[in-house]
Structures are given as structure tokens and as C-alpha cells.
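Participant: Residue numbering for the sequence shown follows numbering that gives the first Met the number 0, beginning at 0 and increasing consecutively.
A single structure is presented below for examination.
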Amino acid sequence: MQQLLIHLQKGEYDLIIPLKFFMNSKKFIRKNIIFHIIKDAGHFPWIENPKQITHVFNEYVQFLLKTICINK
Numbered sequence: 000m001q002q003l004l005i006h007l008q009k010g011e012y013d014l015i016i017p018l019k020f021f022m023n024s025k026k027f028i029r030k031n032i033i034f035h036i037i038k039d040a041g042h043f044p045w046i047e048n049p050k051q052i053t054h055v056f057n058e059y060v061q062f063l064l065k066t067i068c069i070n071k
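Structure (C-alpha cells):
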């Protein structure tokens, strides 16, 4: 069975949903989850650090494109 690939982007200073919630849970530590910690960001990393969000999202898209090409 093929698993859905999940990309999580998390602000390192998020006080609403703390980083430890993701780091200490087996639900989020799996082979099909790509996890990025966004530096200098809280609960809204796409507003607080848009450059890093853009960078990690572009990495994810490139990974998906390579994966799609390999699996054709």
C-alpha cells in the first residue's frame, strides 16, 4: 500500500502548537513525513519567514517531481 507523502513546516517559536508536540509524537515521526523547522518564526511561518518557507517548499516540489519521474 502506498502512503501519502506529507510535508510539514513548523515555526520554531510557535507557542500555540509547540514544536515539542511534533517532535515527541510517533504520529509525526514516519517515513512518509518530511518535516522542516522554520527558523525565527512562530505560528505563522509563511508570514514571519517567507524566504525560508519558499525555499523548503521549492525543495519539496523538486523532490516530488523527481519522485514522479522515477515512478513513471
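Ideal placement from N, C-alpha and C gives every residue a C-beta, glycine not left out.
The structure presented is a predicted model; accordingly, all values stated were derived computationally and were not measured.
Which of the three DSSP states, helix, strand or coil, is assigned to residue 51?
Facilitator: Correct three-state label for residue 51: helix.
Participant: Alpha carbon to alpha carbon, how far is residue 22 from residue 68?
Facilitator: If I take the Cα positions, the gap works out to 31 Å.
Participant: Please name the residue or residues paired with residue 8 in a DSSP beta bridge.
Facilitator: Paired residues: 35.
Participant: Please go through the same chain and pick out, in chain order, the residues whose beta-carbon is closer than 6 Å to the beta-carbon of residue 4, but skip the five residues on each side of it.
Facilitator: Closer than 6 Å at Cβ, skipping near neighbours: 31.
Participant: Which residue wins for smallest C-alpha separation from residue 27, given the options 63, 7, 56?
Facilitator: The shortest Cα separation from residue 27 among 63, 7, 56 belongs to 7.
Participant: Should residue 39 go down as buried or exposed, given a rule of 16 or more other Cβ atoms within 10 Å for buried?
Facilitator: That one is exposed.
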